[in-house]
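So the sequence lines, in the order shown, correspond to chains X and S.
So the first sequence is numbered by the working numbering: it starts at 1 and just counts up by one.
So the second sequence is numbered by the working numbering: it starts at 1001 and just counts up by one.
Idealized CB from N, CA, C, for every residue including glycine.
This report concerns only the one structure given below.
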Amino acid sequence: MTMTTIECPTMGALRTHLDLPSPEVESHLDTCTTCRDLMVTVAGDAGTVNRLLKGLTPPPETVPEPAMHSRSRTVHHDVASRRWRGFSPRRAGDAPRLTAGSPPRRTVATAVAAVLAVTVVLTPGGRSAVAQFLDTFRGEQLQVIQFNPDELEDNYLNDEGDLAGLHDLLAEAHVDVPDPVQVTTAEEAQAITGLQPPSAVTLREGLDIPGTDTAYVASPGGVVTLTLEARADNEVPDSLDGVVVRIAVPPAVATVLTDQAAMDRTDPGEGARGPLAAGGGRGVLAGSAGILEVTSEGASLEEVRTFLLAQPDLPASLRLQLQGIDDWRNTLPVPLPADDIAWEDVTVNGNEGLAFGDDSGLGAAILWQGDGVVHGVAGTQARSALLDLAGRL
Amino acid sequence: MTPDEAFQTHYHRLTNLARRLVDRQTAEEVAADAIAGLPESSVAKDSPEVVAMWLNRVTVNAALNRLRSRRRERQRVAAHGAVAVPTTDETPEDQIERDDEQRRVRDVLARLPDRQATALLLRHAGHSYAEVAMALGVADGSVGVLLARGERAFRRLWDDPDQQSQDGAIR
């Protein structure tokens, strides 16, 4: 009897083989009964769907010439439904919340940790037809999820932003995500990440940041692997024992402009916190990152998701928000502290995005997705200025 | 490409694509809307291939949304015991749409996740793997996965319509 081996092609490769035959797959099918059986299923599915979809082919010559100038439009908005939620005005001397106390390295690391935490703990999933098949989540669109930081930190995050609350559920957690590094040239940043950092020249245009220094932050991305373990002292069901969840953290790159003169005027303690720190420092950070992807092996992502969302320590409001994401397979939850940061939906170059902060100049950010990349701009400028800048990147 | 050129180049193809999911009038609307949204899109100045695939995706998504909306409407009508009465101005295309098998096929497509439904529709309409990948913004190698998962989910829903739908457990 032939056993399934690590060389077995994926279901996707088998499906592709139907349309674009591969000698390697063909050779494998000659020797692997498991894959042959799977191939029968894949081919049967494809044949059934092909027959049924052919029935939808419209009859020829049914389409009249377009009456183009009389046609109505339905997609006409630069700023979509405005949803200001619990905005608390900050005092003039307050730090910009999006960047306070965080040099670029720390900012990016914290953002990655936050996204990871929310994604790992809360990312929904789906059910695959075949247990061995890797079920995939791709964070291709963005949705704000508001949470109470105290509740989340108490239950899931320790002071370092680690997933403390998850440890009871895991046999092991392997994090292979190098820290972001700061480099001096765009070429170095691109070599590390494969992503072109935003142009410093473009960032300067229209922004009042005199005497700016330029730096680049690059994170090559990596993988976090979590293995669930069913034990007597935890709630992991036997069906999820040994299930592996892999989070592919995408590479990320950012260009950072800082007003060094203003930095020099701040007290050393604040200045040491980084170029965009509070106390008069001004700057802007613009960057891009690939799409975060989560896969599971041994059980469907939906099963993992259902289990995680049922954890009693998960704040109820957070659970409800996450359960309410319709297109959860492609939606990356963006965690925002509730009642702390104003946000609204915006459109950047035709792509859906989110704008955070306000026009006070104390701190704002724009986040949008396009062409398989998540883009962001943050800084000590008015939100409207950053939105204009986002449109030019 | 000017709006006029875009209509001349893409309108007929997009309408035929949407026509697989919705009636002719709706297909014309979603095709026109997709083309009208092109100038503001991020791909407006990209290559003709990228533009064409972007329009495919937008059109199919819009048609799927219309389809789901109508499906929900039918469910509401059914839940209240009302009888759907054919309209007196039905076109031949409307009559075809009411064909039981076609309606079931569209219902199943509407219950699939967008990306799977779009992949199935484009591939079975004759588009290459590269074109499907371009339309969905994924790597070429991901198309096989989307097709396999979509076809598996489609067949399970086709064989057992009472299974959980898009928001449920079937993937």
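The Cβ atoms of X/Arg329 and X/Thr295 do not sit closer than 9 Å to each other. Shown in chain order are the members of the segment 34–59 of chain X whose Cβ falls below 8 Å from a Cβ of chain S: Thr41, Val42, Gly44, Asp45, Ala46, Thr48, Val49, Asn50, Leu52, Leu53, Lys54, Gly55, Leu56, Thr57, Pro58, Pro59. Within its own chain, the residues whose Cβ lies closer than 7 Å to the Cβ of S/Ser1041, once the five positions on either side in sequence are excluded, are Trp1054, listed in chain order. Between the alpha carbons of X/Trp368 and X/Asp30 lies a gap of roughly 47 Å.
Counting along the chain, S/Leu1017 sits inside the alpha helix (DSSP H) bounded by residues 1003–1018. Rounded to the nearest whole angstrom, the C-alpha separation of X/Ser288 and X/Leu170 is 31 Å. The beta carbon of S/Ala1139 sits closer than 8 Å to the beta carbons of Ala1133 from its chain, once the five residues preceding and following it are set aside; these are given in chain order. The DSSP-derived three-state label of X/Ser296 is strand. Every beta strand (DSSP E) stretch that sits fully inside the segment 302–378 of chain X and reaches 3 residues is listed by chain position as 331–337, 343–348, 351–357, 364–370. The alpha-carbon separation between X/Met11 and S/Ala1148 amounts to approximately 7 Å.
DSSP, reduced to helix, strand and coil, places X/Val249 within a strand of the structure shown. Taking CB atoms only, X/Arg15 has a neighbour in chain S less than 9 Å away. At a cut-off of 9 Å between beta-carbon atoms, S/Pro1161 makes no contact with chain X. Residue state for X/Ala254 is assigned as strand, using DSSP reduced to three classes. Taking all protein chains shown into account, X/Thr57 has fewer than 16 neighbouring C-beta atoms within 10 Å of its C-beta and is therefore exposed. Residue pairing by DSSP places X/Gln381 opposite no residue, since no beta bridge is assigned to it. Against chain X, the beta carbon of S/Ser1041 has neighbours under 7 Å at Gly350, listed in chain order.
With contacts defined by Cβ atoms closer than 9 Å, X/Ser199 and X/Thr258 do not form a contacting pair.
One finds Gly1144, Val1145, Ala1148 in chain S with Cβ atoms closer than 9 Å to the Cβ of X/Thr10, taken in chain order. CA-to-CA, the gap between S/Val1060 and X/Thr214 works out to about 43 Å.
Separation of the CB atoms of X/Ser384 and X/Asp359 is rounded to 5 Å, and the pair is thereby assigned contact status at 8 Å. With its beta carbon less than 9 Å from one in chain S, X/Asn330 belongs to the interface. DSSP places X/Leu228 within a strand segment (E or B) once states are collapsed to three. Look at S/Asp1107: its C-beta is not under 9 Å from any C-beta on chain X. Identification of chain X residues near S/Pro1113 by a Cβ-Cβ cut-off of 9 Å yields Gly126, Asp327, Arg329, Asn330, ordered along the chain.
Sequence-distant Cβ neighbours of X/Asp238 in its own chain, meaning closer than 8 Å and more than five residues away, are Ala230.
Counting of Cβ neighbours within 10 angstroms places X/Gln323 among the exposed residues, the total staying below 16.
Looking only at X/Arg15, X/Ser27, X/Ser22, X/Leu207, the smallest Cα-Cα distance to X/Asp45 is reached by X/Arg15.
The beta carbons of S/Ala1031 and S/Ala1052 sit no closer together than 9 Å.
Of the candidates S/Arg1111, S/Val1105, S/His1012, S/Arg1111 places its Cα closest to the Cα of X/Asp327. Among the bridge pairs identified by DSSP, X/Glu172 is matched with X/Thr227. Taking X/Glu293 as reference, the option from X/Thr184, X/Leu332, X/Gln311, X/Ile325 with the minimal CA-CA separation is X/Leu332. For X/Ser239, the three-state secondary structure derived from DSSP is helix. By the neighbour-count criterion, in which 16 or more other beta carbons inside 10 Å mark a residue as buried, X/Asp371 falls on the exposed side. Beta-bridge analysis with DSSP links X/Ser288 to X/Val253, X/His375. Look at X/Gln143 here: in three-state DSSP terms it is strand.
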